[in-house]
Amino acid sequence: MNNEIPETMSALFKPGPVAGLQLIETPVPRPGDDDVLIRVLLTGLCGTDLHIAAWDDWARRSVRTPLIPGHECVGQIVEVGIGVTELREGQFVGVEGHLTCGRCQQCRAGARHLCLRNTNLGVHTDGVFAQYVAVPAANVWVHGKGVPLEVASIFDPLGNAVHAATTHPISGLSVLITGAGPIGLMAAQICARMGARSVVITDISSFRLGLAEHIDVTPAAAPQSGPDELRTVGDTPLGFDIGLEMSGAPEALQTMLDAVSPGGRIVALGLPSRDTPVDWADISTRMLNIQGVSGRRIPETWRSVAALVANGLDPSFVITHKFRYDQYDEAFATAAGGQAGKVLLDWA
Ligand SMILES: [Zn+2]
Ligand SMILES: [Zn+2]
Numbered sequence: 001m002n003n004e005i006p007e008t009m010s011a012l013f014k015p016g017p018v019a020g021l022q023l024i025e026t027p028v029p030r031p032g033d034d035d036v037l038i039r040v041l042l043t044g045l046c047g048t049d050l051h052i053a054a055w056d057d058w059a060r061r062s063v064r065t066p067l068i069p070g071h072e073c074v075g076q077i078v079e080v081g082i083g084v085t086e087l088r089e090g091q092f093v094g095v096e097g098h099l100t101c102g103r104c105q106q107c108r109a110g111a112r113h114l115c116l117r118n119t120n121l122g123v124h125t126d127g128v129f130a131q132y133v134a135v136p137a138a139n140v141w142v143h144g145k146g147v148p149l150e151v152a153s154i155f156d157p158l159g160n161a162v163h164a165a166t167t168h169p170i171s172g173l174s175v176l177i178t179g180a181g182p183i184g185l186m187a188a189q190i191c192a193r194m195g196a197r198s199v200v201i202t203d204i205s206s207f208r209l210g211l212a213e214h215i216d217v218t219p220a221a222a223p224q225s226g227p228d229e230l231r232t233v234g235d236t237p238l239g240f241d242i243g244l245e246m247s248g249a250p251e252a253l254q255t256m257l258d259a260v261s262p263g264g265r266i267v268a269l270g271l272p273s274r275d276t277p278v279d280w281a282d283i284s285t286r287m288l289n290i291q292g293v294s295g296r297r298i299p300e301t302w303r304s305v306a307a308l309v310a311n312g313l314d315p316s317f318v319i320t321h322k323f324r325y326d327q328y329d330e331a332f333a334t335a336a337g338g339q340a341g342k343v344l345l346d347w348a
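Mapping the sequence shown onto full-length UniProt numbering, position 170 (from 1) lands on 170, and the numbers just tick up by one.
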């Protein structure tokens, strides 16, 4: 298969600390001894990528340039490093984008998701918005037979949804989800499937709330639906047992704090775009529990995702657009516009 790999490839590129991306022709990366080279087939656009393209405050603080961004993908292994024995050419794979050191105290304790020296594919090192990407074999997830390519391409954000939705037991409880982006929608689908008594999901975008009609949950428009109304539609007068904050919107975080019950458990996954005041006295007196969640547990969450999909979970309702990679401008504008769920780029 080696001789089919070209010398150069197309890639989306950020040359320096400025807004925008360019489509360039660049050498195909060479895999190191413990890496694999993947031919990229489909990639997903994530909020992270929008931050990087726009070069906002978060990107300025967090991103290293020059950079090929992108971290959500499905592809096919075309070459394995000489130290890689457990993977082979031709396998359809996804990639865990958290590049962990394997040697720090957390990694050695089996908590790779809390690695002290974590770096991120497509943020700190060249990512998947390219026809080929080289990644450590330890970060590769091999897809089972029969997983549709489009579903395989969103295993990474589906993993975020599974990680958030399984942080606390859900069965029989009322759940409020603020933010109906792809991760919020998939988390809502999983909570309903895991036997939540009621699931209410909010967003400011009626388009995104419309996607919630594909699953057995109750959509509610933000900011019109205040905490009291949300409790009513969720049939949970004392407040929600569980809250999943997926939006990063400061207003949504406040709604969440007000809508959960005393002792309620909040999972915070959304990243606020600005400083957000929080009434800590309220958290103390109402004995709220707030758990931060980021990324996926490695590899447990990937196994859970694969099991859910093998058992019939179909998250493809969140995929609303697919563009060829050279239509990236339109793809990024669509993803940023609020009239879209998950937007894919096709590199095949
Ligand atoms: Zn992502
Ligand atoms: Zn580590």
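Every residue, glycine too, gets a C-beta built ideally from N, C-alpha and C.
Three or more Cβ pairs closer than 8 Å define a contact, and the segment 164-176 meets that threshold against the segment 258-276.
Inter-residue distance for Asp235 and Ala196 is about 12 Å (C-alpha atoms, whole angstroms). In the pairwise beta carbon analysis, the segment 205-215 is classified as not touching the segment 147-158: fewer than three pairs are separated by under 8 Å.
DSSP lists Leu345 as the bridge partner or partners of Phe323. With a threshold of 16 other beta carbon atoms within 10 Å, Gly248 meets it and is buried. Excluding residues up to 5 positions away in sequence, Glu25, Pro27 lie with their Cβ nearer than 6 Å to the Cβ of Thr8 in the same chain. At a Cβ-Cβ threshold of 8 Å, Thr202 and Pro227 do not count as neighbours.
Ligand 2 approaches Leu116 closely enough that one of its heavy atoms is under 7 Å from the residue's Cβ. A heavy atom of ligand 2 is found nearer than 7 Å to the CB of Gly102. Beyond the five residues adjoining it in sequence on each side, Asp326 comes within less than 8 Å, by CB distance, of Ser10, Leu23 in the same chain, given in chain order. Within the DSSP bridge table, the entry for Met256 names no partner.
Under the three-state reduction of DSSP, Thr178 is assigned to strand. At least one heavy atom of ligand 1 sits closer than 7 Å to the Cβ of Cys46.
Taking the CA atoms as reference points, Leu121 sits about 44 Å from Pro237.
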